[in-house]
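For what it's worth, this note's numbering labels the leading residue of the sequence shown as 30, then goes sequentially.
By construction, the Cβ of each residue, glycine as well, lies at the ideal position given by its N, Cα and C atoms.
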Amino acid sequence: MLELFYRNRGFPKVQVNYAIAGNHLRLAIDEGTRVTVNEVTFAGNKHFTVEQLFKFATGPTREHSNTVAGALPFVPDDLTEGADLVRRLYISDGFLHVVVQELDYRFVADVPQVNVRIAICEGLDSFFCEFSLGCQPTYRVEKRRQDMPGVLHLP
């Protein structure tokens with residue numbers, strides 16, 4: 030549990046050892062080097078801006094580490110979760126066949142930082158279009174059109 034606490038704050042090589050002597054617990058923690066994210070880049074994005082995608086991609090890391098600004102800790106699981114949020118963002122906007130590829134991590138030489146690349150294959154954009162039924166509809170088209178904007182903006 031203590032290792033997880035450190036890993037979520039950018040210490041991927043933390044080691045925690047303990048020793049029990051009588052009624053005393055001794056913890057020995059080797060944090061290792063704290064690794065931060067240097068930059069996050071996107072490839073293949075045309076529909077959303079880099080700023081929009083960045084918020085989704087880094088959201089889980091910022092939430093778990095309580096980091097609002099400044100250096101973002103390198104937490105691979107959180108970045109993977111953020112990439113999945115990016116995928117779901119595309120799907121919610123009609124890109125049903127979007128593919129967000131496995132994240133590419135490049136460690137920066139001589140400094141404990143990582144560059145993250147997120148490659149996106151957007152695919153085709155899907156949307157609703159006019160259609161008609163050959164029978165008497167149960168619901169009036171005009172009523173449905175009035176209801177649609179409210180339905181589309183629900184959380």
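Delimiting residues of the alpha helix (DSSP H) encompassing Phe34:
In the sequence shown, counting from the first residue as 1, residue 34 sits at position 5. It spans 31-36 - the alpha helix (DSSP H) in which Phe34 sits, taken as one unbroken run.
Contact belief for Val115 with Leu132 at Cβ below 8 Å, rounded distance in angstroms
As a working mapping, residue 115 is identified with position 86 in the sequence shown. As a working mapping, residue 132 is identified with position 103 in the sequence shown. Not really, about 10 Å apart at Cβ, beyond 8 Å.
Helix, strand or coil: which one does DSSP assign to Phe71?
The residue you call residue 71 lines up with position 42 of the sequence shown. Phe71 falls in the strand class under three-state DSSP.
Go through its chain and collect everything with a Cβ distance to Val45's Cβ below 7 Å, but skip five positions before and after it.
As a first step, residue 45 is located in the sequence shown; it is residue number 16 there, counting from the start. Counting only Cβ-Cβ distances below 7 Å, and skipping sequence neighbours, we find Leu31, Glu32, Leu56, Ile58.
Taking 8 Å as the threshold (C-beta atoms), are Leu125 and Ser155 in contact?
Residue 155 sits at position 126 when you count from the first residue of the sequence shown. Residue 125 sits at position 96 when you count from the first residue of the sequence shown. Result yes, Cβ atoms of Ser155 and Leu125 sit closer than 8 Å.
Distance between beta carbons of Val64 and Gln142, contact taken as under 8 Å
Position 113 of the sequence shown holds residue 142. Position 35 of the sequence shown holds residue 64. Contact between Gln142 and Val64 is confirmed by a C-beta separation of about 7 Å, below the 8 Å threshold.
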